[in-house]
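K.L.:
Here you go, one structure.
There are 2 protein chains.
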Amino acid sequence: MERTPPHPEVSAFDLQLVLEALVDPVRRSIVTQLAVTGEDRACGTFDLPVSKSTATHHFKVLREAGLIRQYYVGTSRMNALRRTDMDQAFPGLLDALTTPRAVAR
Amino acid sequence: MERTPPHPEVSAFDLQLVLEALVDPVRRSIVTQLAVTGEDRACGTFDLPVSKSTATHHFKVLREAGLIRQYYVGTSRMNALRRTDMDQAFPGLLDALTTPRAVAR
DNA sequence: ATCGAAGTTTGACAGCAATCGTACTTGTGG
DNA sequence: CCACAAGTACGATTGCTGTCAAACTTCGAT
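So the protein sequences, as listed, match chains R and B. Per our numbering, the first sequence starts with residue 11, numbered consecutively. Per our numbering, the second sequence starts with residue 11, numbered consecutively.
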């Protein structure tokens, strides 16, 4: 278990990876919850309909796509939305997907 | 072969379906080509790396998600991007994905 | 009326990705 | 030092989806 897992740089962001990450409802729910509250949150604080091991998988996919940044605080792994990085790489994308309008549908 | 295949109304658009449609590179390529030229195009005029039957499948997925409108002209099936409908349902989404910036990545 | 062009339909297949349980690691608090 | 909490890693399973070939339909042109 690495202390600091690898995060892609903005210049390495890949739209295909980002969309593959966002197409899963569980992962989009994570992103939405991060976007709404605007605060970093530990994995366990999310309301997810899957097991812990599956949740770990989803967080990994989001991290590798560049959507979230992860760091440890004790045994908790905190998750932060990389909002500015995403806005720089793909302007408007996060906004389009975290709008109440879009979330409700 | 129905003359006019079913198209969803804007009020029935579903973000999950739209994202599932857009996550496939072939289908996103179709949408991009439609967005760039801005004109309706027959299925056969697209540059796609798949067989005809696979292409048919992709156009069907795009149509059922509400991304394109299809109509016959002779034996050709024309495809039109439902830009205004999409913009109404999910503002900014198509723009974010058809930007040269996004397309290039 | 025939032939070809343009798509569609169907069935089969292959690969991937989401899921879970179990076992494991690593900190924190008593 | 020990137990528990928070995640991670791994292997197995399962269902979905993209793919194709082959046969078929429809329309237009000759």
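Built from N, CA and C at the ideal position, the CB exists for glycine as well.
Give the C-beta separation of L58 of chain R and A52 of chain R to the nearest angstrom, bearing in mind that I take them to be a contact with Cβ-Cβ under 8 Å.
P.N.:
So it is not a contact: roughly 12 Å between Cβ atoms.
K.L.:
Just list the alpha helix (DSSP H) runs in the segment 55-112 of chain B, keeping only unbroken ones of 4 residues or longer that don't cross its boundaries, in chain order.
P.N.:
62-75, 93-99, 103-108
K.L.:
Less than 8 Å between CB atoms is the rule here; does D105 of chain B satisfy it with respect to chain R?
P.N.:
True, the Cβ-Cβ gap to chain R drops below 8 Å.
K.L.:
Between L72 of chain B and V83 of chain R, what straight-line distance do the alpha-carbon atoms span, to the nearest angstrom?
P.N.:
44 Å
K.L.:
Along the chain, where does the alpha helix (DSSP H) that runs through V41 of chain R open and close?
P.N.:
35-47
K.L.:
Along chain R, which residues have their Cβ under 8 Å away from the Cβ of A112 of chain B?
P.N.:
L25, F100, L103
K.L.:
Using 8 Å as the Cβ pair cut-off and three pairs as the minimum, do the segment 28-41 of chain B and the segment 102-110 of chain B touch?
P.N.:
yes
K.L.:
Pick from R:L29, R:D97, R:E49, R:L32: whose alpha carbon is nearest that of Q7 of chain R?
P.N.:
A query on residue 7 of chain R cannot be resolved here, the shown segment of chain R reaching from 11 to 115 and no further.
K.L.:
Could you spell out the range, first to last residue, of the alpha helix (DSSP H) harbouring V28 of chain R?
P.N.:
Residues 25-32.
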